[in-house]
Amino acid sequence: MASFLLLPTVVLLLRGLTRTFWPTLLSRAVTDALRVSLVTTGVTLLLTLLLVTPVAYLLARYRFPGRTVLDTLLDLPIVLPPVVAGVGLLLTFGRGGLLGPPLQLAGIGLAFSPAAVVMAQLFTSAPFYLRTAKAGFSAVDREVEAAARTDGAGGWAVFRLITWPLAFPFLLEGLVLTWARALGEFGATVLFAGSLQGRTRTITLSIYSALESDLAPALVLSAVMVLLSFAVLLVVRLLAARQDEGQQTHP
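The sequence shown maps to residues 425 to 675 in my numbering.
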């Protein structure tokens, strides 16, 4: 079983990390794919941090009618096939979709644009951050926060000086997982954003396109994805280890 799991990865690295690696990596098609992926995933991370953090805090700290249903619906994209997510985005924000005509009247075209790439990534990857952020906020000792309030700290001060720092390792792990999922997104992106070089063609879309014409970029980008995926897993494990050490130090 170990050989079955490792062999394809080893073959990808051996075929991708050859003497043509650097020339191919610096080619226009590959650099365009890297640029689109890094820019869009960066925007996705920023939006995730700004938009999802308050939701995670709300779900972790408060009980209200419909909370379980809302929590389940927000987790749904994790198990939803990406192609289905792409169809949903297209039917909602595409030209002929539910919100398409009003957006067109306002001069806003989302489908088949860099914004569509970000939306596809956000839809499919943000729930990973939501789950770890909820765990982080739930893990913060309420007694520490209460002691700070007793000493006169306001709500924002308590969150900024106590809640956020204590939950930050979880939030960082969630951001890393979100970035990895966004970087590997394919199905929703190809349906909602298309595959336009220099605009919406990400690394994964570039690999797929290259398989039909020139194998070299596909091999190089696949090797890059393997290395990035390994780095992401390493970071996540290191963060998890730090969390375990912190819990043992402060029982």
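Beta carbons are placed, not taken as given, at the ideal position from N, Cα and C, and that holds for glycine.
Predicted model, so just to flag it, every value in this text is computed and none were measured.
I'd like to check one pair, residue j with residue i: are the Cβ atoms closer than 8 Å?
i    : j    : result
A612 : F547 : yes
A544 : A480 : no
R625 : S637 : no
V660 : E597 : yes
P593 : R666 : yes
P506 : P551 : no
R623 : P526 : no
L436 : S646 : yes
I627 : S461 : yes
S562 : E609 : no
L515 : L522 : yes
L469 : L599 : yes
L620 : F536 : yes
From what residue to what residue does the alpha helix (DSSP H) around residue i run?
i    : result
T464 : R452 to R485
V567 : According to the sequence shown, residue 567 is Glu rather than Val. Looking at the DSSP string, the run of the alpha helix (DSSP H) that includes E567 is R566 to T574.
T628 : I627 to A634
M543 : P538 to A563
Q621 : First-last for Q621: undefined, no H or E at that position.
L438 : A426 to G440
G521 : Where G521 is concerned, there is no enclosing alpha helix (DSSP H), given that its DSSP letter is neither H nor E.
F583 : That residue, F583, is in no alpha helix (DSSP H); it is neither H nor E in DSSP.
I532 : Segment: none, I532 is in no alpha helix (DSSP H) and carries neither H nor E.
T444 : No alpha helix (DSSP H) holds T444; DSSP gives it neither H nor E.
A509 : P506 to F517
Less than 7 Å between the CB of residue i and some heavy atom of the ligand PLP, yes or no?
i    : result
A665 : Questions concerning the ligand PLP fall outside what the structure shown contains, since it holds no ligand whatsoever.
Return the Cβ separation of residue i and residue j in integer angstroms, given the expectation that the two are a contact with Cβ distance under 8 Å.
i    : j    : result
V614 : L629 : 6 Å
G524 : G518 : 5 Å
A572 : V582 : 5 Å
L652 : L595 : The pair is not a contact, with the Cβ atoms about 21 Å apart (cut-off 8 Å).
V650 : T433 : 6 Å
I586 : E567 : 11 Å between Cβ atoms; not a contact.
Fill in: At least 3 beta-carbon pairs within less than 8 Å: the stretch 637-652 vs the stretch 444-458
yes
Worksheet item: Would the stretch 596-609 and the stretch 461-476 be scored as touching if the rule is three or more Cβ pairs under 8 Å?
Response: A contact between stretches requires three or more CB pairs, one per stretch, nearer than 8 Å, and the stretch 596-609 meets this requirement with the stretch 461-476.
Item to complete: Determine, using beta-carbon pairs with one atom in the stretch 557-570 and one in the stretch 482-497, whether at least three such pairs fall under 8 Å.
Response: yes
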